[in-house]
Amino acid sequence: MRERLRRLGKPALWGVAAGAGYAAGSQLAFTVLDSAGAGPTFFPSAGFSLALLCLLPRRVWPFACAGIATAEFLVDVAEGLGPFAAAGFAVANTAEPVLGALLLGTARPGGTWRGLARFVAAAVLAAPAVGAVAGATTAVLASDGGAAWWAVAGRWWLGDGLGVLVVGTALLVWGDREPAPARRGGAIAATAAMGGLALLVFWADVSVAGYAGVVALGWVALWWGLRVVTAAGVVIAFVATTATAAGRGPWAGDAPAAGLVHLQVLLAVVLLTMLLLAVTGSERDAAVRGAVVAEERRRRAESVAAAEHAAHVRARLLQAVAGELGAANGIDRIVTVFVEVHDGALAAAAVGLLGDGGSPQVWTGTGAGPVTRTVVVAGTAEAAVVRDGRPRFFAGGHPVPGGTAAGHAAAVLPLRTAGDVFGYLGLYFREPGADPGAQRTLLLTMASQAAQAVHRARLYEAERRSRRRAEDGERRQRLLGDLVAALSTPGSTAERAQRLVDALVPALADFAVAEFGEDGDTVVVSASRDAGGTAASAARSSGVPALKTVLVTGERHVAGQPPSTVGVPLAAEGGVRGALVLGHAGSGRCFTPDDLALVADLAVRAGLVLHAARVADHEHSIAWTLQTSQLPRHLAVPRGVAAAARYRPSERGLSIGGDWYDLVTHPDGRVTVTIGDVVGHGLSAAAAMGQMRSAATALILAELRPAAVLDRLDLVAGRTAGAEHASALVAELDPATGRFCYAAAGHPPPVLVAPDGTVALLDGARSPLLCLPPRRGRPEAEHTVLPGSALVCYTDGLIEQNRLPLHEAFADLLSAATRYAGADPEDLCDGLIDVLVGDTPARDDIALVCLRYAPVQASHAAQPAPGLSSGLGAAG
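Whatever position you read off the sequence shown (first residue = 1), add 662 for this note's numbering.
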């Protein structure tokens, strides 16, 4: 119950307020305005009740209607009316505002003609007419027949209509949510003035003042609007009704009923006219305000559109700048981007960066040519921006750095990274009257983008320089490796020197000339990029003189600025052994400091390697002379016998070794072949080999048989240093009979190639190495050789090249002999070496002797085989 009472508290208060207000208006009408008199009167309560219901929400209407009905009933009873009449009047005066509020709805008397017309029709005419019918009927029924229905209804309708028109209009207009007049003091003064004019007309009976009052009221309606005119209408109505009811004013001599009728009609006409004027003025003001608002909105829309267009242009410009700067990889391109993106608005753009000395290095571009570089001196605006980091804007008269034209509007903006200023961006506008300061935010944003782009470009350039240095260093290392490889590849001094200059051209120079040697043994080599062209001519005209200069002075020689020719000495063992000259001619290249350092490093290496090669050449020449002197220069064989021999030392050391061979022809036509292998290589092995060969040849000439020769060689090997455990084969062929006898001391067996092409190893008469003789002497084997057969005697170097097991090595030997079975001895020797050794360096010394014979008479004397030789010529 308490909650219900709480919810009903506020509506109940509105009911009490409605009853109190209605009672006050009714009492005013009865006592002051003479509503109980004989004629119709002005009834304010009708306007109050209608306005109250229009302003209150409908959920409160029951309480407000209850308050109005209760107040009407109590006032009527207090005025002496009976209960039936009081109740009927209460119903009529309650139904009337309800009907008016329902008909009126949300419409109000102010604002438009439509609203005012609806208010007059619904609230002023229709609702009071219904109330008048109900009230007149109640009055007639409650009276004893003395009251005329039409008179009561007319008086009721006029009084309630005027009350609604005056009071209801004022309450609704002032109860609206629109703000009060701005000139509030003037409104109060105008209302008071209208009250004063009403007193002159209706109380003092100054009729002339009525004309002035009508004009003044019209002026109030047009100037002050509905609120003031309705307030003035309330004042005028109360003053006029009170004065007329008191018998004063223009109708003081008329009957009371007629005077009030005239008054009410006058008030209604005047007030409606003023309301029409006020509404007209209100609509006019609304139209003006609407036009002003529309114009303001249009201007605001244009301003917004212009701002949006400017923002779009700025955004598009920033987007274009950001896109182009993102792809720029150099300062030149960054400068060009600003000129291109501004599409002719800029006369020039510049980027200044702090150099090592502190002065900005400036890149300036105009779009009409390549970007130029200058230096900004102290005292200019650009230098000041770099110094203090504050942007500067010029409306005109500012020159372009490095240019002669002046009179440009300009913006000079700092470039920052990590808060530090490292340069500036200068934008120089083509129009002298441009105002860059108005675009401060845009220009500073572009400067920020430019700073990032410049920072990226500098990082890219630094990375590219680092990568280029690394690539150059790698290239130089590869070149140095190739040069060292060219020098280190086995060969003579001349061959190595030629490979050196060939590797230098064109990798490092256009031409190269080298001279190395002394004591009449000098090597001069050269190479050029274009044989017979500019480089070759430069090698002769400048390379050779530079070569002589270096040889004379022993110091580095550099010509040209930047260097185009460089000569360096080739030194070894504390002396200058030669010189190397490199030069450029025709290609436009020049030597960098790194190139000069590479040439100096190469000269040190080349001098040592070439000197070592020259020493090796000299030693090899001596060794080869010694080697060939130990072997027979010619093979003397009897008629019907063809012979060939090959000797290939291993590629180790001085290319001399301990293998030997010899062929001795006896007076009776027999041929004895001796072949052996002293362990080791070098000069000591060659010396031991020479002694063993000489001893074997002497024993053979003493007509000893093969086994006896080996028995004697055991003694010789024991007395010769380095000959211990040597191997040897002694084989004798009698061409007259085909008898072939042989003996081997630890030596590979000879190969017999039959006329039909079959091959076989003659592995009889085998015995241990020299110095390891058997107890009963060394054995000897004999074999009959058919005419057309070939015999192959060799050392183990021929079958050990591929390091195969022994049985596989002999199988390869027999296969190669079968392949060349029908060849002459020369081709047979070459074929066996090609198949079993090839072009690869020999792992061990190789000695090879091949014989092919036909039967001859024993009396034939031995003849040297023409064209057959051994040693250097036959070694192949």
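Ideal placement from N, C-alpha and C gives every residue a C-beta, glycine not left out.
8 Å contact criterion, which Ala1385 and Ala1350 should meet: CB distance rounded = 4 Å
ask   = So, helix, strand or coil for Pro1539, using DSSP?
value = Summary: the structure shown does not reach residue 1539, with the chain confined to residues 663 through 1538, and so no result is reported for it.
task = Kindly list the residues whose CB is nearer than 7 Å to the CB of Phe746, restricted to its own chain and excluding five residues on each side of it in sequence; keep chain order.
result = Ala804
task = Could you have a look at Tyr1122 and say whether DSSP puts it in helix, strand or coil?
result = helix
ask   = How should Val1037 be labelled, buried or exposed, when 16 other C-beta atoms within 10 angstroms of its C-beta is the threshold for buried?
value = exposed
inquiry  = So, under 8 Å CB-CB, Val1421 and Ala1483 are touching, yes? Tell me the CB distance rounded to an integer number of Å.
reply    = 7 Å
Where Pro1231 sits in the DSSP three-state scheme = strand
request  = Quick one: grab the DSSP three-state call for Ser1190.
outcome  = strand
key: Runs of beta strand (DSSP E) lying entirely within the stretch 985 to 1033, each at least 3 residues, in chain order   = 1008 to 1016 and 1022 to 1027
query = Measuring CA to CA, which of Leu1264, Leu1089 and Ala784 is closest to Leu712?
reply = Ala784
query = Thinking C-beta only, is Phe1055 closer than 8 Å to Gly1539?
reply = Residue 1539 lies beyond the stretch modelled for the chain, which goes from 663 to 1538, so this question has no answer here.
request  = Indicate whether Ala1113 and Arg1140 have their beta-carbon atoms separated by less than 8 Å.
outcome  = no
Helix, strand or coil at Tyr1090 [DSSP, three-state] = strand
task = Check Ala674 in the structure and name its three-state DSSP category.
result = helix
query = Are there 16 or more other CB atoms within 10 angstroms of the CB of Leu1530, so buried, or fewer, so exposed?
reply = Low local confidence applies: a pLDDT of 35 at Leu1530 is under 50, so the model's placement there is unreliable, with the coordinate-based value given in what follows. Burial call: buried.
ask   = Per the contact definition of three or more C-beta pairs closer than 8 Å, is the stretch 1372 to 1386 in contact with the stretch 1302 to 1311?
value = no
query = If you count every other CB in all the chains shown that lies within 10 Å of the CB of Gln1353, and 16 or more means buried, which is it?
reply = buried
request  = With a threshold of 16 other CB atoms inside 10 Å of the CB of Leu1325, please say whether the residue is buried or exposed.
outcome  = buried
inquiry  = Can you look up Ala1504 in the DSSP assignment and give me helix, strand or coil?
reply    = coil
task = Provide the residue span of the alpha helix (DSSP H) that contains Ala763, from first to last.
result = Pro745 to Leu766
ask   = Can Ala788 and Leu765 be called in contact, C-beta distance under 8 Å?
value = yes
ask   = To which residues of the same chain is Ala1012 closer than 6 Å at the C-beta, ignoring the five residues directly before and after it?
value = Val1024, Thr1026, Pro1063 and Gly1088
query = Which term fits Gln1463, buried or exposed, when burial requires 16 or more other beta carbons within 10 angstroms of its beta carbon?
reply = buried
Simplified DSSP state of Tyr684, which is helix, strand or coil = helix
key: Simplified DSSP assignment, three categories, for Cys1455   = strand
ask   = What is the DSSP secondary structure of Cys727, counted as helix, strand or coil?
value = helix
ask   = Would you call the CB atoms of Ala1388 and Asp1339 closer than 8 Å?
value = yes
ask   = Taking 7 Å as the cut-off, does the CB of Leu1162 come closer than this to any heavy atom belonging to the ligand GTP?
value = Questions concerning the ligand GTP fall outside what the structure shown contains, since it holds no ligand whatsoever.
message = Given a cut-off of 8 Å on the beta-carbon distance, is the pair Val1392 and Val1413 in contact?
response = no
message = Just list the residues that DSSP pairs Leu1325 with in beta bridges.
response = Val1335
Beta-ladder partner(s) of Ala783, from DSSP = In the DSSP output, where bridge partners are listed per residue, Ala783 has none listed.
For Ala1427 and Asp1321, the rounded distance between their alpha carbons = 21 Å
inquiry  = Within 10 Å of its beta-carbon, does Ser1451 have 16 or more other beta-carbons around it, so buried, or fewer, so exposed?
reply    = buried
query = If you run the structure through DSSP and keep just helix, strand and coil, what is Val1511?
reply = strand
task = Below 8 Å CB to CB, which residues in the same chain sit around Ala1504 once its five sequence neighbours on both sides are set aside?
result = Arg1310, Pro1311, Ser1312, Glu1313, Gly1459 and Gln1463
request  = Tell me whether Ala698 is buried or exposed, calling it buried when 16 or more other Cβ atoms sit within 10 Å of its Cβ.
outcome  = Caution applies to Ala698, whose pLDDT of 44 falls short of 50 and renders its modelled position unreliable; the value that the coordinates give is listed next. Ala698 should be labelled exposed.
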